[in-house]
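Colleague:
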Amino acid sequence: MALLLLNVSLSVGSITKTNNQNSGEIPVWNLGDTWNYDMDLSLSLQNDYSDIAVDLSMNNIKCIVNSVSNDYILEISSYVSGSFIVDIEGAPKFSGALKNTNMQGTITIEKDTLGFKDLEIQIDGKVKVNFIPINIDIHLKAISLSPIVLIQFPIEVRNTWNSSETYISLEGEIDLPGITALIPDAPDQWVIDNEMYFEEQQYECINYGNVTTRAGLFPAYEIAMGDEESFLFSSVVGSLLKIIPMGDAGDIDFQLNFELISTTYTMPGAPEIPEKPTGSTKGKPNEEFSYSTTTIDPEDDQVFYSFDWGDGTLSDWIGPFDSGKTISLNKTWSEKGSYSIRVKAKDAANHESLWSDPLSVQMPKKSVIDSRLITFLNEHQYMFPMLRYFYDFVKNFGNFPFFQYLLNI
């Protein structure tokens, strides 16, 4: 985010208010902690002289902590896909797409502030331009003169702070061997040597509540940058949670979707991830079912539980319960369908666990035969001799010698 010098309007979507505020202390990362994100970026420029459109996707961006000292070093990797169209007056029109392209690299984060220090990435693959495949090899370094700190810890709603101005040096090369087959006079290597100014920015924590992502529902702080831009940070996942920006900067329309899809990070002191809920996996609407789970708190604190019922509703926090005690909660669904039940736990200090593995529950379609008809036929079998014989046959089918023989083969 620090490298984008565009005036972009961001909207983080709906936040459900909650009074159970987590600790806003700076998270502590450990070796092996991972966060996986999806990112989609689109940029278009249209005016009287040009029409440029770029779409870029990075699916399952894996960030893993592989070094801890005064800084955290994160390894990052992802598959990259995208397409582009360039139509400039007086020049040939180009269109193309990235093929078999991968990105890997490292990011250095200051441990005491979670401030960005530097980035180094390598991108290798192919770009097909006007149906001509061209190898692409990009090496890029971005080094900040001083750490870019977006969040001041501990976070509290209505807190404000300023980041310091700094410069980011960009160095690298873009190699396009074979580009001359398309543009005879084009160099097959571009050298990047530039400096970008990161201006002082005011931040404010303006909201706190539950936010739904592909990784689950998490409490998060909404942090505004200036008057329009904002992002979401969750103490439960220990990192950035979600960005849903939409906007434009003059002739440039810019959209960025960035969202957490999974993580292994656990808040220090939080209970372990609860066991997958157990209980009925099939049933009928408007019937009550019981689901159970348990977890262990590393400090043997009492714990609370909240169930996600898979229908857009969450249970209130129930508890406290002793660590290791199996607990149960009842649920009734009013509609047929498929539901995934998950559960999370927290201690009295609001240190939350991640969500458990889901239990799939099916509420099948209602029977096309009215239950009143079944009851009537069962109670008046004497009116239907053939039906009575058939009913008795089905009821006693399991006792027939041939069936018993099959069961014992």
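With the numbering used here applied, the sequence shown corresponds to residues 1 to 409, in that order. Even for Gly, the Cβ is constructed at its ideal location relative to N, Cα and C. Just so you know, these numbers come straight off a predicted model, no measurement behind them.
1. Tell me, please, whether the stretch 31-39 touches the stretch 61-81 by the rule of three or more beta-carbon pairs shorter than 8 Å.
2. As an exercise, report each continuous beta strand (DSSP E) stretch of at least 3 residues that is fully enclosed by the stretch 143-201, in chain order.
3. Which first and last residues belong to the beta strand (DSSP E) in which M267 is found?
4. Evaluate R158 with the Cβ neighbour count: other Cβ atoms within 10 Å of its Cβ, from every protein chain shown; 16 or more gives buried, anything less gives exposed.
5. The beta strand (DSSP E) spanning Y49 covers which residue range?
6. Evaluate contact between the stretch 258-277 and the stretch 287-303, counting only Cβ atoms and requiring at least three cross-stretch pairs below 8 Å.
7. Classify N60 as helix, strand or coil using the three-state DSSP reduction.
8. Judging by CA-CA distance, which residue of S50, P27, G216 is the nearest neighbour of E89?
9. Would DSSP call Q302 helix, strand or coil?
10. Check whether the stretch 173-182 and the stretch 193-200 are in contact - that is, three or more C-beta pairs closer than 8 Å.
11. So, is Y167 buried or exposed, given that buried needs 16 or more other C-beta atoms within 10 angstroms?
12. For L145 and S44, what's the separation of their Cα atoms in angstroms?
13. Are the stretch 97-113 and the stretch 72-81 touching by the rule of at least three beta carbon pairs closer than 8 Å?
14. Identify whether W317 lies in helix, strand or coil by the three-state DSSP scheme.
15. Taking only three categories from DSSP, how would you classify L232?
16. What separation, rounded to the nearest whole angstrom, lies between the Cα atoms of S57 and N286?
17. What separation, rounded to the nearest whole angstrom, lies between the Cα atoms of I273 and L256?
18. Check whether the stretch 205-212 touches the stretch 325-345, taking contact to mean three or more Cβ pairs, one atom from each stretch, closer than 8 Å.
19. What did DSSP end up calling W35 once you bin it into helix, strand or coil?
20. How many Å lie between K128 and M225 at the Cα?
21. Let me know the secondary structure DSSP gives G238 once reduced to three states.
22. Is the beta carbon of N100 sitting closer than 7 Å to the one on K117?
23. Look at W355 and G238 and say whether their C-beta atoms are less than 7 Å apart.
24. May I ask which residues mark the beginning and end of the beta strand (DSSP E) holding P219?
25. If you run the structure through DSSP and keep just helix, strand and coil, what is A97?
26. What is the DSSP secondary structure of P133, counted as helix, strand or coil?
27. Please confirm whether L98 and V86 have their CB atoms less than 7 Å apart.
Modeller: Here's the rundown:
1. At 8 Å Cβ cutoff, the stretches touch.
2. Entirely contained in the stretch 143-201, the beta strand (DSSP E) runs reaching 3 residues are, in chain order, 160-163, 166-175, 189-198.
3. Here residue 267 refers to the residue found at position 267 of the sequence shown. In the DSSP annotation of this structure, M267 is not part of any beta strand (DSSP E), being labelled neither H nor E.
4. Your numbering for residue 158 matches position 158 in the sequence shown. By the 10 Å Cβ count, R158 comes out exposed.
5. Position 49 of the sequence shown holds residue 49. Neither: Y49 is in no beta strand (DSSP E) and is coded neither H nor E.
6. In short, these stretches touch, since the Cβ pair count reaches three.
7. Start at 1 with the first residue of the sequence shown, and residue 60 comes out as number 60. In the displayed model, N60 falls within a strand according to three-state DSSP.
8. Position 89 of the sequence shown, counted from the first residue, corresponds to residue 89. When only C-alpha atoms are compared, the closest one is S50.
9. The residue labelled residue 302 in the question sits at position 302 within the sequence shown. In this structure, Q302 counts as coil in the three-state DSSP scheme.
10. Taking 8 Å as the limit for Cβ pairs, the verdict is that the stretch 193-200 does not touch the stretch 173-182.
11. Within the sequence shown, the letter at position 167 stands for residue 167. Taking every protein chain shown into account, the CB of Y167 has fewer than 16 other CB atoms within 10 angstroms, so this residue is exposed.
12. On the sequence shown, residue 145 is found 145 positions in, with the first residue counted as 1. On the sequence shown, residue 44 is found 44 positions in, with the first residue counted as 1. So the alpha carbons of these two residues sit roughly 31 Å apart.
13. Judged by Cβ distances under 8 Å, the stretch 97-113 makes contact with the stretch 72-81, as three or more pairs qualify.
14. Against the sequence shown, residue 317 aligns to sequence position 317. Three-state result, W317: coil.
15. Here residue 232 refers to the residue found at position 232 when the sequence shown is read from its first residue. L232 falls in the strand class under three-state DSSP.
16. Here residue 57 refers to the residue found at position 57 when the sequence shown is read from its first residue. Here residue 286 refers to the residue found at position 286 when the sequence shown is read from its first residue. Answer to the nearest angstrom: the Cα atoms are 43 Å apart.
17. The residue given as residue 273 occupies position 273 in the sequence shown. The residue given as residue 256 occupies position 256 in the sequence shown. Taking the straight line joining both Cα atoms gives about 32 Å.
18. Remark: fewer than three beta-carbon pairs, one from each stretch, lie closer than 8 Å, so the stretch 205-212 and the stretch 325-345 are not flagged as touching.
19. Taking the first residue of the sequence shown as 1, we reach residue 35 at position 35. Assigned with DSSP and collapsed to three states, W35 falls in strand.
20. The residue given as residue 128 occupies position 128 in the sequence shown. The residue given as residue 225 occupies position 225 in the sequence shown. Straight-line Cα distance between these residues: approximately 38 Å.
21. In the sequence shown, the residue the question calls residue 238 occupies position 238. G238 falls in the coil class under three-state DSSP.
22. As a working note, residue 100 is residue 100 in the sequence shown. As a working note, residue 117 is residue 117 in the sequence shown. Going by C-beta atoms, N100 is not nearer than 7 Å to K117.
23. Reading the sequence shown from its first residue, position 355 is the one you call residue 355. Reading the sequence shown from its first residue, position 238 is the one you call residue 238. In this structure, G238 does not lie closer than 7 Å to W355 by Cβ.
24. In the sequence shown, the residue the question calls residue 219 occupies position 219. Segment 216-225, the beta strand (DSSP E) holding P219.
25. Here residue 97 corresponds to residue number 97 of the sequence shown, with the count starting at 1. The answer is strand: DSSP assigns A97 an E or B state.
26. As a working note, residue 133 is residue 133 in the sequence shown. Three-state DSSP puts P133 in a strand.
27. In the sequence shown, counting from the first residue as 1, residue 98 sits at position 98. In the sequence shown, counting from the first residue as 1, residue 86 sits at position 86. No, they are not a contact pair.
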